[in-house]
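S.K.: Sharing a structure, written as structure tokens. Questions coming.
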Amino acid sequence: MRIVVAGVGKLGYSIAQLLSEDECDVVVVETDPERLKNVQNNLDVLTIQGNCCSPSIFADPDINTADVMIACTDSDEVNMITSMMAKSHGIKHTVARIRNVDYAVNAPEMLTSEMKIDLILNPERITAAEIDHILMTPAVLNVDDFADGKVRMFEAKIKEDSTYLGKPLKSLKFPKDILIAMLFRKHRMIIPRGDDCLLAGDNVYFVGKHDVNKAFEASFNNTYEKLEKAFIIGAGRTGRFLAPMLEKQGLQVKVIDKNNERCQMLAPMLKKGMVLCGDGTDIDVMTAEGVGEADVVICITEDDKLNLLLALLAKHLGAKKTIVRVVRNEYIELMEKVGVDVVLSSRLLSSGEVLRFVRKGGIVSVSLLEGAQAEALEIIVGAGSEAAGKSLKDLKLPRESLVCAVVRGEEAYIPNGSTVLQAQDRIILFVKSEWVKSTVTLFESRS
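The end of the sequence shown is residue 447 by the numbering used here, with every number in the run present.
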């Protein structure tokens with residue numbers, strides 16, 4: 001599959017990198033020679049310097065023979081025009097980053113019907129929705145639902161006082177229809193076996209039937225009992241999406257930003273919440289505004305280093321939980337090591353949306369885990385695929401993969417080695433990223 005990525009800023013670079021690693025034929029179009037040079041030095045892709053809206057670009061056979069055009073320049077309007085031109089030149093599928101809130105909220109039909117955009121990417125809105133989703137399950141670090149809500153995955157950190165420490169997994173008694181699908185130990189992925197033991201600091205991914213798993217989450221209530229007060233630092237696009245979301249969930253929301261214009265934009269969006277124009281790094285200001293009493297402090301400025309400083313300051317003042325949004329993925333591990341509770345990358349969340357769209361076929365959803373080291377995939381078993389009619393023990397699955405749930409009709413269950421897959425089954429697959437391509441082909445329809 002040939003994919004054109006127009007614009008390789010931070011988001012475009014991440015998308016091109018992931019698609020290249022997924023063995024797609026990637027072509028990058030960029031006007032900035034420095035950005036293009038960075039791509040040439042680090043990625044195995046074809047690069048073209050030029051304006052992605054130029055007719056001469058679309059005259060290039062490396063462009064007009066592509067299957068997908070992904071427009072993620074710094075301009076929404078350029079991305080719209082690029083999508084329209086791509087469709088007019090025969091490129092079947094288009095993806096465009098649209099950051100303007102008015103476009104994304106008030107004119108979605110215009111973007112899809114008139115601008116010919118098949119997938120709209122708004123990284124800030126995607127990030128806000130993910131934070132909202134996580135905060136509604138405060139006992140855990142991460143949560144995701146699959147198969148129309150029939151299967152639930154959640155991530156939890158094993159603490160030093162956990163009753164699960166040091167015992168072989170085969171001897172632990174978990175509720176029926178729940179299993180440990182994967183764990184990360186010192187940022188190394190492990191598909192656990194019966195003799196493995198959990199250690200303090202492990203990040204564990206539990207998968208199971210939705211209702212059972214949701215009830216089981218309560219046993220990991222290791223941060224706070226009830227979420228009431230949220231303190232947001234940053235009133236940018238993400239903050240303007242997130243603050244109203246949290247207010248609708250019944251939270252007391254307080255937002256601070258030193259940019260008066262941003263504060264003026266956000267204030268009318270809240271009914272009861274408070275928007276303050278001030279410096280989040282000022283300890284006196286933060287103490288006076290009660291940051292230490294917050295159940296969660298969410299740091300979403302555009303500066304990764306500032307976000308880290310703000311999160312550590314909030315912890316020092318007594319905040320119970322911190323969430324940080326990062327731009328640079330390499331900061332994720334560092335921030336987790338120094339005590340930030342949840343670290344999210346807008347680029348990875350958006351790239352996951354693109355991967356799901358590009359792969360299509362039987363793949364329903366893609367979740368990138370632990371900085372894209374692993375993926376959780378929801379896949380429909382294709383008719384005539386190598387997996388259809390075979391038991392899991394007879395499939396040649398990599399050791400770094402696990403089919404952890406099967407949904408057949410309306411019933412979800414945890415499989416074992418003797419489980420025989422059928423066409424149209426929905427499976428939840430955990431797999432190390434480097435093995436995704438070869439593993440997914442086992443479930444693809446041969447027709």
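Ideal Cβ placement from N, Cα and C applies to all residues, glycine included.
How close, in whole Å, do the beta carbons of I300 and G236 come, if the pair is a contact with beta carbons under 8 Å?
M.R.: What you label residue 300 is simply residue 300 of the sequence shown in a count that begins at 1. What you label residue 236 is simply residue 236 of the sequence shown in a count that begins at 1. Their Cβ separation, rounded to whole angstroms, is 7 Å, which keeps I300 and G236 in contact under 8 Å.
S.K.: Around the C-beta of L266, are 16 or more other C-beta atoms found within 10 angstroms, so that it is buried, or is it exposed?
M.R.: By one-based count along the sequence shown, residue 266 stands at place 266. Classification of L266: buried, given that the 10 Å Cβ count is 16 or more.
S.K.: Measuring alpha carbon to alpha carbon, tell me which residue in D425, L421, K432 is nearest E400.
M.R.: For the purposes of this step, residue 400 is taken as residue 400 along the sequence shown, with counting starting at 1. The option with the nearest alpha carbon to E400 is K432.
S.K.: Do A423 and A388 have their C-beta atoms within less than 8 Å of each other?
M.R.: In the sequence shown, counting from the first residue as 1, residue 423 sits at position 423. In the sequence shown, counting from the first residue as 1, residue 388 sits at position 388. Their beta carbons are under 8 Å apart, which means A423 touches A388 by this criterion.
S.K.: Taking only runs of the alpha helix (DSSP H) that begin and end inside the region 279-325, which ones reach a length of at least 4 residues, in chain order?
M.R.: Listed in chain order, the complete alpha helix (DSSP H) runs (minimum 4 residues) inside the region 279-325 are 283-288, 304-316.
S.K.: Report the partner residues of Y413 according to the DSSP bridge assignment.
M.R.: As a first step, residue 413 must be located in the sequence shown, where it is residue number 413. BP columns for Y413 point to V406.
S.K.: Should A16 be labelled buried (16 or more other beta-carbon atoms within 10 Å of its own) or exposed?
M.R.: Within the sequence shown, residue 16 is the residue found at index 16, counting from 1. By the 10 Å Cβ count, A16 comes out buried.
S.K.: Using only CA atoms, which one of I81, V78, I117 lies nearest to H93?
M.R.: Position 93 of the sequence shown holds residue 93. Closest by alpha carbon: I117.
S.K.: Under DSSP, the beta strand (DSSP E) around G208 begins and ends at which residues?
M.R.: Position 208 of the sequence shown, counted from the first residue, corresponds to residue 208. That run of the beta strand (DSSP E) goes 203-209.
S.K.: Which same chain residues end up closer than 6 Å to I298 when comparing Cβ atoms and leaving out the 5 residues on each side of it in sequence?
M.R.: On the sequence shown, position 298 is the one that residue 298 refers to. The residues are I232, I323.
S.K.: Taking L111 as the reference, which of F174, A128, T82 has the closest Cα?
M.R.: Start at 1 with the first residue of the sequence shown, and residue 111 comes out as number 111. Of the listed residues, the one whose Cα sits closest to L111 is T82.
S.K.: Here's a check: name, in chain order, each residue in its chain whose Cβ is nearer than 6 Å to the Cβ of D425, leaving out the five neighbours to either side.
M.R.: Here residue 425 refers to the residue found at position 425 when the sequence shown is read from its first residue. Once the five neighbours on either side are set aside, the close Cβ partners of D425 are V381, V406, R408.
S.K.: In chain order, what residues of the same chain lie with their CB nearer than 8 Å to the CB of L442, ignoring the 5 residues before and after it?
M.R.: The sequence position of residue 442 within the sequence shown is 442, counting from 1. So the list reads S385, E386, A387, L395, K396, L397, once near-sequence residues are dropped.
S.K.: Can you name, in chain order, every residue of its own chain whose Cβ lies under 8 Å from the Cβ of W435, other than the five neighbours on each side?
M.R.: For the purposes of this step, residue 435 is taken as residue 435 along the sequence shown, with counting starting at 1. The answer, listed in chain order, is P398, E400, S401.
S.K.: Under three-state DSSP, which class holds C24?
M.R.: Mapped onto the sequence shown, residue 24 falls at position 24. Correct three-state label for C24: coil.
S.K.: When DSSP builds the beta bridges, which residues end up paired with H93?
M.R.: Here the question's residue 93 lines up with position 93 in the sequence shown. In DSSP, H93 forms a bridge with V68.
S.K.: Helix, strand or coil for C197 per DSSP?
M.R.: One-based indexing of the sequence shown puts residue 197 at position 197. Three-state DSSP puts C197 in a strand.
S.K.: Below 8 Å on the Cβ atoms is my contact criterion, and I expect A200 with K159 to pass it. Report the Cβ-Cβ distance as a whole number of Å.
M.R.: For the purposes of this step, residue 200 is taken as residue 200 along the sequence shown, with counting starting at 1. For the purposes of this step, residue 159 is taken as residue 159 along the sequence shown, with counting starting at 1. About 6 Å; that satisfies the 8 Å criterion.
S.K.: Thinking C-beta only, is M1 closer than 8 Å to D25?
M.R.: Counted from its first residue, the sequence shown places residue 25 at position 25. Counted from its first residue, the sequence shown places residue 1 at position 1. It is a contact, given that the beta carbons lie within the stated cut-off.
S.K.: Among residues of its own chain, excluding the 5 on either side of K167, which ones have a beta-carbon nearer than 7 Å to its beta-carbon?
M.R.: As a position in the sequence shown, residue 167 is number 167, starting the count at 1. Excluding residues within five positions, the ones whose Cβ falls inside 7 Å are C197.
S.K.: In whole angstroms, what separates the C-alpha of R193 from that of Y205?
M.R.: In the sequence shown, residue 193 corresponds to position 193, counting from 1. In the sequence shown, residue 205 corresponds to position 205, counting from 1. Using only the alpha carbons, I get a separation of about 14 Å.
S.K.: Assign Y224 to one of three DSSP states: helix, strand, or coil.
M.R.: To locate residue 224, count along the sequence shown from 1; it is residue 224. For Y224, the predicted model reports a pLDDT of 43, less than 50, meaning its position is unreliable and no value from the coordinates is stated.
S.K.: Report yes if the CB atom of K272 is closer than 8 Å to the CB atom of E247, and no otherwise.
M.R.: As a first step, residue 272 must be located in the sequence shown, where it is residue number 272. As a first step, residue 247 must be located in the sequence shown, where it is residue number 247. Cβ atoms of K272 and E247: closer than 8 Å.
S.K.: Between which two residues does the alpha helix (DSSP H) harbouring K337 extend?
M.R.: The residue you call residue 337 lines up with position 337 of the sequence shown. Here the alpha helix (DSSP H) through K337 covers 331-337.
S.K.: With DSSP as the reference, please indicate the residues paired to N142 in a beta bridge.
M.R.: Locating residue 142 in the sequence shown gives position 142, counting from the first residue. Per DSSP, E155.
S.K.: My guess is that I70 and A128 are in contact by the Cβ rule of under 8 Å, so how many angstroms apart are they, rounded?
M.R.: By 1-based counting over the sequence shown, the position of residue 70 is 70. By 1-based counting over the sequence shown, the position of residue 128 is 128. In fact, because the Cβ distance is near 22 Å, the residues do not count as touching under 8 Å.
S.K.: Can you tell me the Cα-Cα spacing of T223 and A230, whole angstroms?
M.R.: Taking the first residue of the sequence shown as 1, we reach residue 223 at position 223. Taking the first residue of the sequence shown as 1, we reach residue 230 at position 230. In this predicted model, T223 has a pLDDT of only 43, less than 50, meaning its place in the structure is not dependable enough to derive any value.
S.K.: Figure out for me which residue from F430, S391, R356, E410 has the closest Cα to the Cα of L369.
M.R.: As a working note, residue 369 is residue 369 in the sequence shown. Among F430, S391, R356, E410, the Cα nearest to that of L369 belongs to F430.
S.K.: With distances taken between CB atoms, is the gap from N329 to R356 smaller than 8 Å?
M.R.: By 1-based counting over the sequence shown, the position of residue 329 is 329. By 1-based counting over the sequence shown, the position of residue 356 is 356. No, they are not a contact pair.
S.K.: Is S391 near S418, with beta carbons less than 8 Å apart?
M.R.: Counted from its first residue, the sequence shown places residue 391 at position 391. Counted from its first residue, the sequence shown places residue 418 at position 418. Yes, they are a contact pair.
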